[in-house]
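Visitor: If you scroll down you'll find the structure; I have some questions about it.
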Amino acid sequence: MPFGQAYFNGWSLAHFECTCFAGFGIDQGMGEREMAPQVLLFDVGGVLADWDGTTPLVELTEGRFDRDRARRFWLEFEPLVPFETGRASVHEFTGPAVEALGLDMSREEFAARFDSWMAGPFEGAMALLERIRPAFIRAVLSNNNPMHWNRFVEQSQIDRHVEHLFVSHEIGLRKPDHEAFDHVMQALGQPAEAFHFFDDNPECVEAARQLGMQASLVRGVAELEAALEAEGCLSS
Numbered sequence: 011m012p013f014g015q016a017y018f019n020g021w022s023l024a025h026f027e028c029t030c031f032a033g034f035g036i037d038q039g040m041g042e043r044e045m046a047p048q049v050l051l052f053d054v055g056g057v058l059a060d061w062d063g064t065t066p067l068v069e070l071t072e073g074r075f076d077r078d079r080a081r082r083f084w085l086e087f088e089p090l091v092p093f094e095t096g097r098a099s100v101h102e103f104t105g106p107a108v109e110a111l112g113l114d115m116s117r118e119e120f121a122a123r124f125d126s127w128m129a130g131p132f133e134g135a136m137a138l139l140e141r142i143r144p145a146f147i148r149a150v151l152s153n154n155n156p157m158h159w160n161r162f163v164e165q166s167q168i169d170r171h172v173e174h175l176f177v178s179h180e181i182g183l184r185k186p187d188h189e190a191f192d193h194v195m196q197a198l199g200q201p202a203e204a205f206h207f208f209d210d211n212p213e214c215v216e217a218a219r220q221l222g223m224q225a226s227l228v229r230g231v232a233e234l235e236a237a238l239e240a241e242g243c244l245s246s
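Letter 151 of the sequence shown, counting from 1, is numbered 161 in our numbering, and no numbers are missing.
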C-alpha cells in the first residue's frame, strides 16, 4: 500500500502523523522534518541591554568613523579580543584603542567613558523574558567584559530570567567565531537545529546560520518581542 494511503482505525497515516507530531515541532509541509527550536539564545548589548558603543565612537572621532565602521570596531579591533575573553585588563584595551581611534585623551578617561556606555537593561526586557513559554530553554551568549557585565547582572538580575549564561570573558570565546556557538551547543547538549539566536550584529547572525541555527537580527525590545511573537514563543 502506498505510504500516503495507510490507515489506522480509519485515520490516514498522513492525518495521524500531522496530529500526533504537531506538538513536537515536526514540519510536515515538504516531507522534510526539521527540529523546532528548543533553546532561545540571546545577545545582551543592543538586544536586552542599552549598550551603545556606536554613537559615542562617531562623536569622539568627529565623524571619521561612520556608524557602520564604529559598529564593526567592536567586532574587529584585535586588542579588544583578549579583554573580552578574560585575558587582559581594561587598560590593555583602552590604551591601544585611544591610539587607533586618534583620540586626545588618556586611556583612563577612555575607560571611564567606555564604562558609562552600558546603561543597563532595556525597559521591559526582563519582563519579556518572563513571558516566554516554559517549553523553551532561555540562554544568553554575549561578548562582554567584567566592567559592563557585573553592573548589568546587578541591575537586571538576568540570572533569574534565563537558565544559562555564556559570556565571553568567562568562557574565553567571542562571537562571531564559530567556537563560541560550538561551546554553547556542547554545554547544553543540543544540536544547532535546536536553537533560535537573536543578535543585533549581522555578522553574528550569519555565523549562527552557517552552523545551522535559526537566527534573527533584532535591535531592542520591540523588535525582539515581534520576533518571539512570530515564532510562537510567548505566552498569551
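A virtual CB, placed ideally from N, CA and C, is assigned to each residue, including glycine.
Keep in mind it's a predicted model, so treat the numbers as computed, not measured.
Taking Cβ positions, are L234 and L138 nearer each other than 8 Å?
Guide: In the sequence shown, counting from the first residue as 1, residue 234 sits at position 224. In the sequence shown, counting from the first residue as 1, residue 138 sits at position 128. Yes; because the gap between Cβ atoms is below 8 Å, this pair is in contact.
Visitor: Given that a residue counts as buried once 16 or more other Cβ atoms are within 10 Å of its Cβ, and exposed if not, what is E94?
Guide: Walking along the sequence shown from the start, residue 94 turns up at place 84. The residue in question, E94, is buried, as its Cβ has 16 or more Cβ neighbours within 10 Å.
Visitor: I need the straight-line Cα distance from F146 to V49, nearest angstrom please.
Guide: By 1-based counting over the sequence shown, the position of residue 146 is 136. By 1-based counting over the sequence shown, the position of residue 49 is 39. The alpha-carbon atoms of F146 and V49 are separated by roughly 6 Å.
Visitor: Using only the alpha-carbon positions, how far apart do W221 and F75 sit?
Guide: The residue labelled residue 221 in the question sits at position 211 within the sequence shown. The residue labelled residue 75 in the question sits at position 65 within the sequence shown. Per the sequence presented here, residue 221 reads as Leu, with Trp not at that position. The straight-line gap from Cα to Cα measures roughly 31 Å.
Visitor: Should the region 216-232 be called in touch with the region 54-61, which here means at least 3 C-beta pairs below 8 Å?
Guide: yes
Visitor: By alpha-carbon positions, which one of L175, R141 and R97 ends up nearest to A197?
Guide: Against the sequence shown, residue 197 aligns to sequence position 187. Checking every option, the nearest Cα to that of A197 belongs to L175.
Visitor: Please list, in chain order, all residues of the same chain as D169 whose beta carbon is under 6 Å from its beta carbon, the five residues on each side excluded.
Guide: The residue labelled residue 169 in the question sits at position 159 within the sequence shown. The answer is none, since no qualifying residue turns up.
Visitor: Kindly indicate which three-state DSSP category D114 falls into: helix, strand or coil?
Guide: Along the sequence shown, read from residue 1 onward, the residue named residue 114 stands at position 104. Correct three-state label for D114: coil.
Visitor: Give me the Cα-Cα distance between R161 and G63, rounded to the nearest whole angstrom.
Guide: Translated into the one-based positions of the sequence shown, residue 161 becomes position 151. Translated into the one-based positions of the sequence shown, residue 63 becomes position 53. R161 and G63: Cα-Cα distance of roughly 16 Å.
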